[in-house]
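Numbering (our numbering), first residue to last: 1 to 245. Glycine is no exception: its CB is placed at the ideal position from the N, C-alpha and C atoms. Just so you know, these numbers come straight off a predicted model, no measurement behind them. I have placed the structure first, in the form of structure tokens, so that the comments after it can refer back to it.
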């Protein structure tokens, strides 16, 4: 009985390192650590001016692709520029470009979960067959990858990141393009930032299509602004006259 207990204890000790290694980003748990910028196409990369969230603006790359960046202290950034085919109408190809950043967690079951900063994410969809063909809006999509792994590509000799979505679908292979990663500041950039201050900017009608789309679709009443101005002036005058009585 004592021998059986010792055997069980020995196996438990041998198993412990693998348990603690789950969610470990160090090179000891993979060919290299996850830190860096990974891209399926050098034309698409995080950081830089791919997206300017405060201006609701994207700078379109020359080619499509996806890119992810990770830090070893739990921050991520995502950039995607992709097309979606329409089998029923081949001329109605939808293009979308998106960007978001935030934090991530490595789960004990080997999955990886992205937790975006809600105010900062942006997406622009271009659909030539839709009523509105070009829309920029906010984007906040928590994502879980069922598993991930880093191998060495036999052709290029570069590190290759493989990400599999929760449904088993494989993302395009991404290759290490920068280490340390090219990323925007790892804090909330718009809305209320990490210090509790509100980030604002002056908006105008030409800065982004979003400013037009967010306005009411109701037909404006002719002369409405002039009437409001006149009423305001009359009200101010009346108050002044009453104060003289």
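Asked	Found
Within 10 angstroms of its Cβ, does residue 166 collect 16 or more other Cβ (buried), or is it exposed?	exposed
Tell me the DSSP secondary structure of residue 55 in three-state form.	helix
Quick one: is residue 156 buried, meaning 16 or more other Cβ sit within 10 Å of its Cβ, or exposed?	exposed
In terms of alpha-carbon separation, which member of 100, 101, 115 lies closest to residue 107?	115
Is residue 174 helix, strand or coil when you go by DSSP?	strand
Whole beta strand (DSSP E) runs in the region 86 to 139 with 3 or more residues, listed along the chain?	94 to 106, 112 to 116, 122 to 126, 134 to 138
Can you tell me which residues form a DSSP beta bridge with residue 44?	BP columns for residue 44 are empty, so no partner.
Quick check: the region 146 to 153 against the region 122 to 129, are at least 3 beta-carbon pairs closer than 8 Å?	no
Let me know the secondary structure DSSP gives residue 68 once reduced to three states.	strand
Look up residue 35 in the DSSP assignment and give the residues it is bridged to.	Beta-bridge pairing links residue 35 to no other residue.
If distances are taken between C-alpha atoms only, which option among 141, 170, 175, 122 comes closest to residue 52?	122
Here's a check: name, in chain order, each residue in its chain whose Cβ is nearer than 8 Å to the Cβ of residue 60, leaving out the five neighbours to either side.	81, 97
Have a look at residue 64 and residue 44 and give me their C-alpha separation to the nearest angstrom.	7 Å
Let me know if residue 73 comes out buried or exposed under the rule of 16 or more other beta-carbons within 10 Å of its beta-carbon.	exposed
Let's test the definition: count the other Cβ atoms within 10 Å of the Cβ of residue 100 and tell me whether it reaches 16, buried, or not, exposed.	buried
For residue 159, write down the residues that DSSP places opposite it in a beta bridge.	152
Compute the Euclidean distance between the alpha carbons of residue 188 and residue 66, then round it to the nearest angstrom.	22 Å
To the nearest angstrom, report how far apart residue 177 and residue 183 are at their CA atoms.	12 Å
Within the continuous beta strand (DSSP E) that includes residue 76, where are the two ends?	75 to 84
Excluding sequence positions up to five away, which residues of its chain have a Cβ less than 7 Å from the Cβ of residue 158?	175, 176
Thinking C-alpha only, which one of 163, 120, 179, 90 is nearest residue 35?	179
For residue 181, count neighbouring Cβ atoms within 10 angstroms of its own Cβ and tell me buried if that reaches 16, exposed if not.	buried
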